[in-house]
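Sequence order for the protein chains is Y, W, D, H, R and X.
Under full-length UniProt numbering, the first sequence has 284 at position 284, and the numbering climbs by one with no breaks.
Under full-length UniProt numbering, the second sequence has 27 at position 27, and the numbering climbs by one with no breaks.
Under full-length UniProt numbering, the third sequence has 88 at position 88, and the numbering climbs by one with no breaks.
Under full-length UniProt numbering, the fourth sequence has 156 at position 156, and the numbering climbs by one with no breaks.
Under full-length UniProt numbering, the fifth sequence has 175 at position 175, and the numbering climbs by one with no breaks.
Under full-length UniProt numbering, the sixth sequence has 201 at position 201, and the numbering climbs by one with no breaks.
Here is the structure we will look at, set down as structure tokens.
Number of protein chains: 6
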Amino acid sequence: MKREDVLMEALPYIQQFHGQIFVIKLGGHAMVDQLVLEAAIRDVVLLSYIGISVVLVHGGGPEITDKMKAMGKEPKFVGGLRITDQETLEIAQMVLVGKINDGIVSLIAKCGARGVGISGNDGSLLIAKRKELQVVTIEDRTERVDLGHVGEIVEVDPAILQMLLSNEYIPVVAPIAIDRESNSLNINADTAAAKIAVALHAAKLINLTDVDGVMDAERTHVYRRLKVDETNEMINSGVISEGMIPKVEGMVYALDRGVGSAHIINGNTEHNLLLELFTRDGVGTMIHP
Amino acid sequence: MKREDVLMEALPYIQQFHGQIFVIKLGGHAMVDQLVLEAAIRDVVLLSYIGISVVLVHGGGPEITDKMKAMGKEPKFVGGLRITDQETLEIAQMVLVGKINDGIVSLIAKCGARGVGISGNDGSLLIAKRKELQVVTIEDRTERVDLGHVGEIVEVDPAILQMLLSNEYIPVVAPIAIDRESNSLNINADTAAAKIAVALHAAKLINLTDVDGVMDAERTHVYRRLKVDETNEMINSGVISEGMIPKVEGMVYALDRGVGSAHIINGNTEHNLLLELFTRDGVGTMIHP
Amino acid sequence: MKREDVLMEALPYIQQFHGQIFVIKLGGHAMVDQLVLEAAIRDVVLLSYIGISVVLVHGGGPEITDKMKAMGKEPKFVGGLRITDQETLEIAQMVLVGKINDGIVSLIAKCGARGVGISGNDGSLLIAKRKELQVVTIEDRTERVDLGHVGEIVEVDPAILQMLLSNEYIPVVAPIAIDRESNSLNINADTAAAKIAVALHAAKLINLTDVDGVMDAERTHVYRRLKVDETNEMINSGVISEGMIPKVEGMVYALDRGVGSAHIINGNTEHNLLLELFTRDGVGTMIHP
Amino acid sequence: MKREDVLMEALPYIQQFHGQIFVIKLGGHAMVDQLVLEAAIRDVVLLSYIGISVVLVHGGGPEITDKMKAMGKEPKFVGGLRITDQETLEIAQMVLVGKINDGIVSLIAKCGARGVGISGNDGSLLIAKRKELQVVTIEDRTERVDLGHVGEIVEVDPAILQMLLSNEYIPVVAPIAIDRESNSLNINADTAAAKIAVALHAAKLINLTDVDGVMDAERTHVYRRLKVDETNEMINSGVISEGMIPKVEGMVYALDRGVGSAHIINGNTEHNLLLELFTRDGVGTMIHP
Amino acid sequence: MKREDVLMEALPYIQQFHGQIFVIKLGGHAMVDQLVLEAAIRDVVLLSYIGISVVLVHGGGPEITDKMKAMGKEPKFVGGLRITDQETLEIAQMVLVGKINDGIVSLIAKCGARGVGISGNDGSLLIAKRKELQVVTIEDRTERVDLGHVGEIVEVDPAILQMLLSNEYIPVVAPIAIDRESNSLNINADTAAAKIAVALHAAKLINLTDVDGVMDAERTHVYRRLKVDETNEMINSGVISEGMIPKVEGMVYALDRGVGSAHIINGNTEHNLLLELFTRDGVGTMIHP
Amino acid sequence: MKREDVLMEALPYIQQFHGQIFVIKLGGHAMVDQLVLEAAIRDVVLLSYIGISVVLVHGGGPEITDKMKAMGKEPKFVGGLRITDQETLEIAQMVLVGKINDGIVSLIAKCGARGVGISGNDGSLLIAKRKELQVVTIEDRTERVDLGHVGEIVEVDPAILQMLLSNEYIPVVAPIAIDRESNSLNINADTAAAKIAVALHAAKLINLTDVDGVMDAERTHVYRRLKVDETNEMINSGVISEGMIPKVEGMVYALDRGVGSAHIINGNTEHNLLLELFTRDGVGTMIHP
């Protein structure tokens, strides 16, 4: 591959993306391996250099569990769902906002740009209501379970993000929302990223995770491009399953509401983000309307 | 006191303060008693209603100690100074940013305004360098002690605060800074408030704490107004002592660099902030150039 | 009443009124007693200090009569209505524009703000047409009387007021209009205030006069709050009578066209304007939709 | 004269004057003959049509005297200077502001533009101090006479005029000022026009009066162009005398402070203003630096 | 005719035209006689002085023919239409853009204003498609002739003209367009002027040519004013004939799409442009809706 | 070379160049081989896509000579310098402005961007004066030769270029200037590019020509980076000779006046422009201060 060909291939994308908004969800391995995280942030800062407005949204489930255990608090799950009591919520907030979020902002500074950490209560970005009781099947009976301080987003006010982007800051959003009475609620980061992408009319919603993309039933190859309709069929037929389902559903939600395209990329391999964005073939899965 | 007289007395202050910047340090009791904190935030929101740009800076020492103990980590002090190892720093960050800061932002939302939580790394607001070894006298020998991840501010870039204020958000600043290599450092909140006040050309620097102001040697009455020179003499003569010294020194630092006036107010009595600002006599101590 | 309570009660009103437009009609005693007038202007200037855009409209009937007599010109009335011949009009203009209006502007300067005197011909603010012949009952016969150079407003162009308000001047409007041929016409000040309030989408129309408000049939107490419908009934039933009728009708006209609320306040008691605006109970009558 | 030559001659002036500020003093006959006044206003409105910002300043001495007599008040003069007691001041204000000024504004409306009447207290445009005692020679003794409520301008704040001009209104200024205590003072209109021209950095100061310009000693011909130095000599040698002296002195004052040129034009002949401005030779006297 | 009357007549037109856009087609004699051209440009620059935004469009047929002959290339015509092969197009472009257009821009500079030469490919101003085969009657048979590189305009993007006008440049447009593949095409200048006038919502479309206007059948007098309907009838009845037909049709096209009025003026007589625009009677033919 | 490495290497340059101004001189082979020219323009358009403001300046000597011969006009040279009589100037203008310049603008449109062709008389961009007599050595005697209509630039007014750049057009400048009397003069394109770069405070001045850069005395290798001082020495020592001298002198002129760096690149090899700009080593010669 000649240098000039790489450049010629990349420059039109660079042009196309200039001034667009990308919402990037950081998840999986990237959140625990500091070197992988730093490589991802370096790529994100490069994107901001060429005029792309990036909003980062991160999760942090494994670290919350770790910290709970360190504090002698046993995580409780019913039917696979975490029960978030007041104490758990406080730990989650401290880990998400005080540790992970703040750490990403420091990495952005280290890579030469300016980040700003944001929770859903900052500028009333994310308003949620407490999740209804969940029907859970435990052994052979179903039960309605109260998940505790867990919310689902009912309103996104993107004003604070727009202000930060237009002042060339990179916002970093922790998955905490507030309800109408200003109580904090834990929320799902994939859903938060999707709703933020819609509210910002983002051009792309990108999920930087630890799988290579949507794979076929035999797990032998990655689909490079999928239409929204195809993904719906693949969910129905079980090809898309388990943890991939909520990710893809969030993307479909966003694509149905005007987001341009969605990408699932393996963040464990350095520069995959750049290769996905600036080469014709890409390296992950792109879902488009 | 007739209502109209209170109003007539207050309105000129309301006029005078319109469009000014006040930096308010929240400390002491206000940080632990939720009702006191909420009353203080309610007053702060009222200030923002009448066109005052408020920046809040908070501390959180007692809560960090509590949380360390809860996590089975023994706080270490040498000669009265806390030693901040890596683990202590992480806990401090989680408590300051993930718990106290986020909680204040939620209270602001509850009182009807929009806050945004900020650490020193957000937008590279506060750049610090690690503190030099401190000379500490323990029993009868002096020792040079490394306090660990503790910094002193070397640069304030108020751009992010100015952006937030001009968009009518109330910034809430946690006392965490970053060094030139983007490592986090714990910093003193009083000093941070003073340096931020200077960087913003604030009209007032207000310390909402749990004493009534600067008192005379016999602790029988509070000085209402002091000149900078007088406070310097009172420090030399020992009238101002102990914990009051760094507060007053921070204020003198700010007043010497253009901040209009500084106030020490007891935040434990509801509405003291309003009475200090909107009545001729006030209730705390005002220091002026 | 504790000071802090007065302040806490007042501050939300101060917030609410910030940036709103109030049209205040100065009438009655305020126009003849210089001390009362100055007290009223001082309160108005305080309102402007806290970000309220105030437009003053004044009358001046008694002073016109005085000046006519001083100039040896006998005022003529038919059935209680003043006949305004060319000479009377000239005297009215001189008194209203050259004396009262100019005097109020000087008082505003004395109280520390900047007023600008305005007639209806300035910037073509008030376009009127000559009033039709009025049917008047004199003794036991009715007669159609030509009132002379008296007009009713047919168009308000608020551009000049908006320009002045957005440049932080206090406009002072004299009740003189021009017709389409640019002839001057005397107009009713209450009506002018109401029409200006509508044209400016004012939040409040305030009548600072020399009665305490709308009173009950026995004249024993003042109604604090009335709905538009109630005032209509009270006019029909005669509870509202005589000079109060045109005032209330002007207010109903304004409230029906989007003005937020209307107030009748006794301007003879100092600071009644402040008490009406910044306390829950007020001191006059507030009419609202 | 062919039409195209008139146009070719005029167009460069039209270009040159576009966006410039002209201060025009209306005096003499124009103030008493309604037809002459209306013709002058029509020309002024035409000037505004082609992008010239015109400020009108008017006098009114003769009419004040008339009105005083009508009100049975005998004008008093000492050594040729009018003594302005409180009652005289009030009449002067009523005539200048309530009659003449208001009348000019109505004429502007009639000619299709928008005027705004302004006194020196509007927006604190003209701050004056009371004139010192004047040394007057009466018969063969000199006496120091207190002229009463007569002022000399000490400060011009042109903000209100600039606001009006930039919003395409024609300001009409009455020669009334206020002192630092907001008392009204009668001032000389020629001086007011000159000081306003300086404060506005006007391109031209024009005196529309009832003489043809500066004439030679024999009163046989009018000087078309004079340098400031020449006028000074002519004052010293007595060629310029009496009522022309203060006019020319006002112009020299303005020209010395940056006003581009000054013109004396006979307003009694229709369209003299246009001919002076848009032809090479002009019809009056132009004084330039 | 008195000077003041000429001025009084002209000034309202000057007012009316201020800020309007005029598209002026320069044709006929003006393009070959350098003195006539310079006189026309001088008038155009005067128009720009008084705030009229002028766009010049020029032709150049005779000069192209001259240059072709000079280069030993024989112009070919079929049935009166020029056949434009590749070589002819190149010569046309060089003459129109490199000689005529550039020459007009230099004349504008000489007259004291700033012109900018523009072809239809500059900023993609004029997009054309190749003209379809033309049915031509030669002797007694009709033939379909390919005119070669001759286009008709399919799209006008006035952005570049609007930018130039708002920056006070005078754009000078050569009648060259590009097709969707960026090939140059020769186009008719009258049509180009009409389409540009429509795209700019011009107030006037002016044809400065070498006839006095639309004349009656006997060629004895010029029509001063014609309605669009009348011109249509005159074309049908043959009163308007030959070379005048495409000019008038272009004007009707423009008038039907919102251009205010159209003028045909003899540019050979100096200042006819000024006389047509600034006198009531004018000198050419004005066509209006 | 891996794709991601090419991207990682290029992105920081892309960031650095964003918003900068590059002046690119197109010369040599690029001007005669249509395929080479189109490749160069395609690269230039890519640069504009990523936020670089490009100004193109072109020459055209060989084509002028060709066209002169085609028109039967013999080019005259004295001592190697072209004599430009009136007829030669006219041909030069037609070729430069009407053919080459217009052709480049069409190519820009073909590549998807918007160009605008500009001569030095457009917006009075380039003011020149006629060159003084040149001392030329012919055989063994020196002679002072009048080169005719050849100018040297005395003033650059970059306003029109700044307007075009800020509206995202690519200006294409032909080397024609006007003198103070608006006569056209032929100028050297290298010098024009250098003076325009200085006037625009350009970051780079790039010479896209048909040599690989500055070579050593043996013509075996190209210098990648040279300091201004080094180039001066190389001119003195004769390493830089002949046609390279004026190019390098123009660059030194620009670098001495604030232009950031200068590049000589062989435009005959496709994409050399991109490789020079977006790789660490580059392919031509970069001269820097």
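Yeah, the Cβ is synthetic: ideal placement off N, Cα and C, and Gly gets one too.
Apart from the five residues on each side of it in sequence, which residues of its chain come closer than 6 Å, Cβ to Cβ, to Met-234 (chain D)? Ile-240
Residue(s) in a DSSP beta bridge with Phe-22 (chain W): W:Val-54, W:Lys-204
Output yes if chain W places a C-beta closer than 8 Å to the C-beta of Gln-15 (chain D); else output no. yes
Whole-angstrom Cβ separation of Val-95 (chain Y) and Lys-67 (chain Y), contact assumed at under 8 Å? 5 Å
Excluding five sequence neighbours on each side, which residues of the same chain lie with their C-beta closer than 8 Å to the C-beta of Ile-108 (chain Y)? Ile-41, Val-44, Val-45, Arg-114, Gly-115, Ile-170, Val-172
Simplified DSSP assignment, three categories, for Ile-100 (chain W): helix
Roughly how many whole angstroms lie between the Cα atoms of Ile-138 (chain H) and Ala-39 (chain D)? 46 Å
Tyr-49 (chain R) versus chain H: which residues are under 9 Å apart at the beta carbon? Leu-11, Pro-12, Ile-14, Gln-15, Gln-16, His-18
With a threshold of 8 Å on Cβ separation, who are the neighbours of Phe-77 (chain D) within its own chain once the five nearest residues in sequence on each side are excluded? Ile-83
Look at Ser-119 (chain H) and Asp-102 (chain D) and say whether their C-beta atoms are less than 8 Å apart. yes
Through-space distance from Ser-166 (chain D) to Gln-162 (chain H), alpha-carbon basis: 14 Å
Let me make sure I understand the geometry here. Which of R:Glu-230, R:Ala-203, R:Gln-34 has the alpha-carbon closest to that of Asp-216 (chain R)? R:Glu-230
For Tyr-13 (chain D) and Cys-111 (chain W), the rounded distance between their alpha carbons: 15 Å
Span separating the alpha-carbon of Ala-197 (chain D) from that of Ser-48 (chain H): 31 Å
Runs of 4 residues minimum, wholly inside the region 225-269 of chain D: which ones carry the alpha helix (DSSP H) assignment? 228-236, 244-256
For Ile-50 (chain W), I'd like the list of residues in its chain whose CB is within less than 8 Å of its CB, leaving aside the five on either flank, ordered along the chain. Ile-14, Phe-17, His-18
From this set, H:Gly-117, H:Leu-147, H:His-201, H:Thr-142, which residue's C-alpha is nearest Val-156 (chain H)'s C-alpha? H:His-201
Roughly how many whole angstroms lie between the Cα atoms of Val-222 (chain W) and Glu-270 (chain D)? 35 Å
Could you check whether the Cβ of Leu-275 (chain H) sits closer than 8 Å to any Cβ belonging to chain R? yes
On the three-state DSSP scale, how would you describe Pro-171 (chain R)? strand
Own chain partners of Val-23 (chain X) with C-beta closer than 6 Å, once the 5 adjacent residues on each side are dropped: Val-55, Ala-193, Ile-196, Ala-197, Ala-202, Leu-205
Thr-285 (chain R) versus Pro-175 (chain R) - alpha carbon distance: 24 Å
For the alpha helix (DSSP H) holding Ser-166 (chain X), just list the boundary residues, first then last. 159-166
By the criterion of Cβ-Cβ separation under 7 Å, what are the contact partners of Leu-35 (chain R) in chain H? Those within 7 Å of Leu-35 (chain R) in chain H number zero; the least Cβ separation is about 16 Å.
Is any beta-carbon of chain W found at less than 8 Å from that of Ser-237 (chain Y)? no
Check whether the region 133-150 of chain Y touches the region 182-193 of chain Y, counting contact only when three or more Cβ pairs, one atom from each stretch, lie closer than 8 Å. yes
Measuring only the C-alpha atoms, how far is Gly-117 (chain Y) from Ala-128 (chain W)? 19 Å
Among the candidates X:Thr-279, X:Met-251, X:Leu-275, X:Gly-282, whose CA atom is the shortest distance from the CA of Lys-25 (chain X)? X:Met-251
Output needed for Thr-142 (chain D): all residues of its chain with C-beta closer than 6 Å, excluding positions within five of it in sequence on either side, in chain order. Val-135
Since Ile-127 (chain X) sits in a beta bridge, which residues does DSSP pair it with? X:Glu-155, X:Ile-178
Pick out whichever of R:Asn-121, R:Val-105, R:Leu-81, R:Pro-62 has its Cα sitting closest to the Cα of Ala-92 (chain R). R:Pro-62
Assigned exposure category for Thr-220 (chain X) - 16 Cβ within 10 Å defines buried: exposed
Closer than 8 Å by C-beta to residue 291 (chain H): which residues in its own chain qualify, once you throw out the five before and the five after it? Chain order, please. The structure shown has nothing for residue 291 (chain H), since chain H only spans 1 to 289.
Does the beta carbon of Asp-102 (chain H) come closer than 8 Å to any beta carbon on chain D? yes
If you draw a straight line from the alpha carbon of Lys-247 (chain X) to that of Arg-257 (chain X), how long is it in whole angstroms? 16 Å
Buried or exposed for Val-154 (chain R), going by 16 or more other Cβ atoms inside 10 Å? exposed
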